[in-house]
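Just so you know, our numbering puts 369 at position 389 of the sequence shown, and the rest follows in order with no gaps.
Note that CB positions come from ideal geometry on N, CA and C, so glycine has one too.
Let me begin by presenting the structure, written as structure tokens, before commenting on it.
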Amino acid sequence: MKLTKEEQRLFDGEFGEAARQSMEILVALGKIYGAQKMIPITSAQVAGVSYKTIGDAGLEYLQDLAAKGAKTRIPTFLNPAGMDIAQWKEMRVPEEFAKKQIEILDAYSKMGIMKTYTCAPYFIGIRPKKGEHIAWAESSAISFANSVLGARTNREGGPSALAAAICGVTPYYGLHIEENRVAKLVVDVKCELKTISDFSALGCAIGEIAKDRYPAFTGIKTATEEQLKVLGASMAVTGSVPLYFVQGITPEWKVADDAERITITDAELKTTKTKLDTVHGTRDSRPQLVTLGCPHASLNEIKVVADMVSKRKPHCEFWVCASRKLKEESDRLGYTRAIQSAGGRVVADTCMVVCPLEQMGYSVTGTNSGKAAKYLQNLCKQRVAFGDIEDILYR
Ligand code: F3S
């Protein structure tokens, strides 16, 4: 692998031990994937922020790196943490968890990372342009950046994104290379797609079929950014899809001549939705808590919920998860007040999956997100009510 003079100096430890260690990680990764060189990146997004997901080993790793003087060279921001920094006590987050979580955030802060705590940085103005090289680590954000914005990122892990942030470069392979951004699966959508849960179910169904191939969708006439966000997030969970195309909507469209072609119908979408709704037809089909905003909600999504619950109070407690920045906007615009008056909360800095939900007294949770539906079962020991917002709030 050919390094520039500056990269070689980083590798040789001239910028300190943390930078040396980081460059070593990037060079090792580059060798594994056959990269010939590094490429400068304009931003990094670091995952592995919640104490629930990284535990004591992760905390020690970060503290060690911070103590060795790790500093980011490019704009770098964080995925959601394990708790809402302002509301964790009233939300019944255990004290010990909160203590460790704060230590993690302190370590990241020492490295100069922005305290964004969101998986949807593109809703708070962090929107790399088409063709821009970045190193992002949150699977749904990777999918959005590659597919909807046309930026270029591989599926980074927490440590590799952090190493890229510290060195300002990433190995040049995979999705950074134009020729590799080709769909090998064409999905002709013959079903009606209206809501977030429709797009989530489509993503869950296609992720399973695509596995690590990039799908190209035909037949989707319109889609909002919120709908594309959940489509990508779901495919990243049931498959490992970091890039997709939607004909006439996303900025890129390149399909291999030998791509497999499939059709998806209303019947298949319905089957996927029923499978995601694990409490369907049982005595517990009413959720104790409904969680919306996976990936984190846009301001418009918060407004839609505020308007809906102002007219009719939901049957259960509910959260709308969003970035701190949008929660503040929501406070200012009166959406938070409307949500609180109806028994809900706008939750910032965290989400239903990476907070210790299973330790906070919940066992049946509702969601309209395919990604949350999968993770609530696997990581939070929840039984899941899946459906449109109205369905799950008023069951
Ligand atoms: Fe974001 Fe949490 Fe979903 S990090 S993508 S809201 S699981």
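Reduced DSSP category for residue 267 - H, G, I as helix; E, B as strand; rest coil: Under the three-state reduction of DSSP output, residue 267 falls in the coil class, being neither helix nor strand.
Residue 177 Cβ short of 7 Å to the ligand F3S heavy atom set: The ligand F3S never approaches residue 177 closely enough for any of its heavy atoms to be under 7 Å from the residue's Cβ.
Rounded separation between residue 174 and residue -19 - CA only: Near 48 Å, if we compare the C-alpha coordinates of residue -19 and residue 174.
beta-carbon residue 184 near the ligand F3S non-hydrogen atom, thresh 7 Å: No - the ligand F3S has no heavy atom lying nearer than 7 Å to the Cβ of residue 184.
Rounded Cβ spacing between residue 315 and residue 283 (contact assumed at less than 8 Å): Going by Cβ atoms, the distance from residue 315 to residue 283 rounds to 6 Å, so yes, they are a contact pair.
Backbone CA spacing between residue 117 and residue 98 [nearest angstrom]: Cα to Cα, residue 117 sits roughly 12 Å from residue 98.
Residue 289 versus residue 275: straight-line alpha-carbon distance, rounded: Roughly 21 Å between the two C-alpha positions.
Counterpart residues of residue 309 in DSSP-defined beta bridges: According to DSSP, which records beta bridges pairwise, residue 309 is partnered with nothing at all.
Residue 346 - DSSP class collapsed to helix/strand/coil: Shown here, residue 346 sits in a strand according to DSSP, grouped into three states.
Between the CA atoms of residue 224 and residue 195 - distance to the nearest angstrom: Their backbone Cα atoms lie some 5 Å apart in a straight line.
Assumed close pair residue 340, residue 169 - CB separation to whole angstroms, cut-off 8 Å: Taking C-beta atoms under 8 Å as the contact rule, residue 340 and residue 169 fail to qualify, at a distance of about 38 Å.
Every unbroken alpha helix (DSSP H) inside the segment 89 to 161 [4 residues or more]: If only uninterrupted alpha helix (DSSP H) runs of at least 4 residues are considered, those enclosed by the segment 89 to 161 are 119 to 124 and 138 to 147.
Best match in 369, 5 and 278 for proximity to residue 136 [C-alpha to C-alpha]: Comparing Cα-Cα distances from residue 136 to each of 369, 5 and 278, the minimum goes to 5.
Residue -16 to residue 18 span [Cα, whole Å]: If I take the Cα positions, the gap works out to 8 Å.
Short Cβ contact (8 Å threshold) for residue 144 with residue 24: Their beta carbons are under 8 Å apart, which means residue 144 touches residue 24 by this criterion.
C-alpha gap between residue 176 and residue 213, whole angstroms: Linking residue 176 to residue 213 through their CA atoms gives a straight-line distance of about 11 Å.
Backbone secondary structure at residue 67 - three-state DSSP: Note: residue 67 maps to coil in three-state DSSP.
Cutoff 6 Å; reference residue 258; Cβ partners in own chain excluding five residues on either side: Hits under 6 Å: 363 and 364.
Any beta strand (DSSP E) of 3 or more consecutive residues that is wholly inside the segment 227 to 252: Listed in chain order, the complete beta strand (DSSP E) runs (minimum 3 residues) inside the segment 227 to 252 are 235 to 244.
Neighbourhood of residue 10 by C-beta, 6 Å cutoff - its chain only, sequence neighbours within 5 removed: Leaving aside the five residues that flank residue 10 on each side, the residues in its chain whose CB is nearer than 6 Å to its CB run, in chain order, -19 and 151.
Span separating the alpha-carbon of residue 126 from that of residue 222: For residue 126 and residue 222, the distance between alpha carbons rounds to 7 Å.
Three CB pairs or more closer than 8 Å across the segment 184 to 200 and the segment 260 to 269: With the cut-off at 8 Å, the segment 184 to 200 and the segment 260 to 269 do not touch.
Inside the segment 165 to 201 only - beta strand (DSSP E) runs reaching at least 3 residues: List check, beta strand (DSSP E) in window: 195 to 198.
Three-state secondary structure assigned by DSSP to residue 16: Collapsing the DSSP output to three states places residue 16 in coil.
Distance, residue 236 Cα to residue 0 Cα: So the alpha carbons of these two residues sit roughly 40 Å apart.
Three-way DSSP call (helix, strand, coil) for residue 37 in this model: Annotated three-state conformation of residue 37 is helix, per DSSP.
Spatial neighbours of residue 269 in its chain, beta-carbon cut-off 6 Å, leaving aside the 5 residues before and after: Its chain contains 297, 342 and 345 as the residues whose beta carbon lies nearer than 6 Å to that of residue 269, once the 5 sequence neighbours on both sides are disregarded; these appear in chain order.
Through-space distance from residue 241 to residue 172, alpha-carbon basis: Going from the Cα of residue 172 to the Cα of residue 241 covers about 19 Å.
Best match in 202, 252, 248 and 249 for proximity to residue 229 [C-alpha to C-alpha]: Comparing Cα-Cα distances from residue 229 to each of 202, 252, 248 and 249, the minimum goes to 202.
Coarse secondary structure for residue 360, derived from DSSP in three states: DSSP places residue 360 in helix when its eight states are reduced to three.
Span separating the alpha-carbon of residue 199 from that of residue 245: Separation of residue 199 and residue 245 (C-alpha to C-alpha, rounded to the nearest whole angstrom) is 11 Å.
C-alpha gap between residue 356 and residue 114, whole angstroms: Rounded to whole angstroms, residue 356 and residue 114 show a C-alpha spacing of 29 Å.
Near the ligand GDP: residue 126 beta-carbon under 7 Å from a heavy atom: Within the structure as shown, the ligand GDP is missing, the only ligands being the ligand F3S.
Three or more C-beta pairs below 8 Å linking the segment 55 to 63 and the segment 157 to 166: In this structure the segment 55 to 63 does not touch the segment 157 to 166; the number of beta carbon pairs closer than 8 Å is below three.
8 Å contact criterion, which residue 142 and residue 84 should meet: CB distance rounded: Between residue 84 and residue 142 the Cβ distance is about 12 Å, and since that is not below 8 Å, they are no contact.
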